[in-house]
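A.B. asks: After the structure tokens below, expect a handful of questions from me.
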Amino acid sequence: WPTDGTIDWLWPAAERAGLPIALMAANLLPKVGEVAQRHPNLKLILDHLGRPSGVTSPNERWANLQEVLALAKYPNVAMKATGAPSYSDQPYPYRDIHDKLRQLYDAFGPARWFWGTDITRMPCPWRQCVTLFTEELPWLRGRDLELVMGRAVCDWLGWRR
69 WPTDGTIDWL
79 WPAAERAGLP
89 IALMAANLLP
99 KVGEVAQRHP
109 NLKLILDHLG
119 RPSGVTSPNE
129 RWANLQEVLA
139 LAKYPNVAMK
149 ATGAPSYSDQ
159 PYPYRDIHDK
169 LRQLYDAFGP
179 ARWFWGTDIT
189 RMPCPWRQCV
199 TLFTEELPWL
209 RGRDLELVMG
219 RAVCDWLGWR
229 R
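Per our numbering, the sequence shown starts with residue 69, numbered consecutively.
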């Protein structure tokens, strides 16, 4: 249904209403790009770092990384950095994904890259989901850290502080 036109009514309606849409769309990234281009005032959020669900090998987990990074060119596309620990094959602090996280952060920037956990399927406690971002990523500090850890998503969604 995402590619057969069934849902095409949603994009302009959400754009007119100012309603952001979050998508689990790892297998539909070209469609996300089309929608972002056709509806520049529609805010789209890629869930789970744009990772495909249900894959087990490290190569499969990041196979679409270049496609995900390409979506950063659309200013109306943001990313939830949810589930990060689950994409690692190493124990905390999950150093094998730090480079991937940095690439995504650099592409989307702190105003369009939102921390989250998806805690029910994480291989670690809540605290490590938080400290992965707040303590283990040396390039994420100060105002940028504040944005990623909550301020940016509030701004993106238009929530008043």
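Ideal placement from N, C-alpha and C gives every residue a C-beta, glycine not left out.
Please read all numbers here as calculations on a predicted model, not as lab measurements.
1) Report yes if the CB atom of L143 is closer than 9 Å to the CB atom of P108, and no otherwise.
2) Under a Cβ-count criterion, where at least 16 other Cβ atoms within 10 Å of its own Cβ denotes burial, should I75 be classed as buried or exposed?
3) Hey, Y173 and W181 are a contact pair by Cβ (cut 8 Å); roughly how many whole angstroms apart?
4) Mind listing, in chain order, the continuous alpha helix (DSSP H) runs of no fewer than 4 residues lying wholly within the segment 115 to 176?
5) Buried or exposed for P193, please, with buried defined as at least 16 other CB atoms from any protein chain shown within 10 angstroms of its CB.
6) According to DSSP, which residues form a beta bridge with A93?
7) Rounded to a whole number of angstroms, what is the C-alpha to C-alpha distance between M147 and F176?
8) What do you reckon, are the CB atoms on T50 and T185 nearer than 9 Å?
9) Where A152 and R84 are concerned, what is the direct C-alpha to C-alpha distance, given to the nearest angstrom?
10) Hey, is the segment 196 to 206 in contact with the segment 123 to 138, meaning 3+ C-beta pairs nearer than 8 Å?
11) State the start and end residues of the unbroken beta strand (DSSP E) segment that holds W181.
12) Mind checking whether W77 and R106 have CB atoms under 9 Å apart?
13) Looking at the unbroken alpha helix (DSSP H) that takes in C197, where does it start and where does it end?
14) Please return the same chain residues whose Cβ sits closer than 7 Å to the Cβ of P191, not counting the five positions on each side in sequence.
15) Under the three-state reduction of DSSP, which class applies to I187: helix, strand or coil?
C.D. replies: According to the data block:
1) Before going on, a small fix: residue 143 reads as Pro here, not Leu. Result yes, Cβ atoms of P143 and P108 sit closer than 9 Å.
2) exposed
3) 5 Å
4) 126 to 129, 133 to 138 and 166 to 176
5) exposed
6) Answer by DSSP bridge pairing: none, since A93 is not bridged.
7) 7 Å
8) Outside the modelled stretch of the chain, which goes from 69 to 229, sits residue 50, for which no answer is possible.
9) 33 Å
10) no
11) W181 to W183
12) no
13) W194 to T202
14) P153 and S154
15) helix
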